[in-house]
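Since the structure comes first, as structure tokens, the remarks are kept for the end.
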Amino acid sequence: MRTILIAAVTAVAFAFSPVYADEAKPFATAKTVDLLTLLKPPPANDSAQTKAELAEVLTLQVTRTPEMEAQAQADVVEDVWRFADVMGPKFKQEALPAFSSFFDRVVATEGAVVDPAKDVWKRPRPHQYSPLVKPAVKLSNSGAYPSGHTTVGTLMGIVLSNMVPEKRAEIMARAWAYGENRIIGGIHFRADIEGGRIAGSVIAYNLMSQPEFQAEYAVAKAELRKALGL
């Protein structure tokens, strides 16, 4: 009976996964994970903390290397394939259709949860706060806090490291670098990154208790581990 049930869940997951290829359905929204009640508000624009965070951005602006800029620019892309450098050569999208569709939904979840909080707090980006800031990455004028890129990088890192605990240290180090690159790129302040890491962790914890998430997670994990030879 258990085998039949698992097979049925797997079949359903495979049957529906292509639907999310173009417009993925989030696993959670701001109604299920309310960051306004989970995070403290961002620092005030005229606070000593914001001024210190601006100084960090400006310091990085004159000390970052071309290699650091290139990495920050590459990490503008929000998808799990940014972890390929630590996952190895078998980590390829074309070989992992169910895994890919699953993480499309994980990425969509970040926007559904984070964007409403950004709209309420409306923290300015560094380049909006000071004309001295010259970002090395594509400009964004959405609220800065919490960082969506950092949130999704942390979220993806936690979920991916749960699938492949053998590489947990490398995966989470890469997730942390994904957030740091938003400061290096001059598009976020330090508090935005810290808020994003908390948000990503909270979302991951919430998702792991959801039956729908668990069903697709199991299929994606099995496909990934098989592809990696684990």
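Under mature numbering (1 follows the signal peptide of the UniProt record, and there is no 0), the letters of the sequence shown match residues -21 to -1, 1 to 209, in that order.
For each residue, glycine too, the CB sits at the ideal point set by N, CA and C.
All of these numbers come straight from a predicted model, not from anything done at the bench.
- Apart from sequence neighbours up to five positions away, the residues of its chain that approach residue 158 with a beta-carbon distance below 8 Å are 126, 128, 129, 132, 133, 172, 175 and 176, ordered along the chain.
- Shortest Cα-Cα distance from residue 103 to any of 165, 4 and 72 involves 165.
- For residue 132, the enclosing alpha helix (DSSP H) begins and ends at 127 to 142.
- One thing to note: residue 138 has its Cβ no nearer than 9 Å to the Cβ of residue 206.
- Rounded to the nearest angstrom, the Cβ distance from residue 186 to residue 96 is 17 Å, too far for a contact under 8 Å.
- Residue 22 is classed as buried because its beta carbon has at least 16 other beta carbons within 10 Å across all chains shown.
- Non-local C-beta neighbours of residue 52 in its own chain, meaning closer than 6 Å and more than five positions away in sequence, comprise 116, ordered along the chain.
- Runs of the alpha helix (DSSP H) lying entirely within the segment 61 to 115 and spanning at least 4 residues, in chain order: 63 to 66, 76 to 100 and 105 to 108.
- Sequence-distant partners of residue 55 (beyond 5 residues in either direction) whose C-beta falls short of 6 Å from its own C-beta, in its chain, are 116 and 117.
- Counting of Cβ neighbours within 10 angstroms places residue 83 among the buried residues, the total reaching 16 or more.
- The DSSP-derived three-state label of residue 179 is helix.
- Excluding its 5 nearest sequence neighbours in each direction, residue 86 has C-beta neighbours in its own chain below 8 Å: 3, 57, 58, 59, 131 and 135, listed in chain order.
- Inclusion of residue 124 and residue 199 in the CB contact set at 9 Å is not warranted, their separation being larger than that value.
- Rounded to whole angstroms, residue 32 and residue 20 show a C-alpha spacing of 15 Å.
- Annotated as proximal: residue 35 and residue 168, with beta-carbon spacing under 9 Å.
- Here DSSP, grouped into helix, strand and coil, assigns residue 187 to coil.
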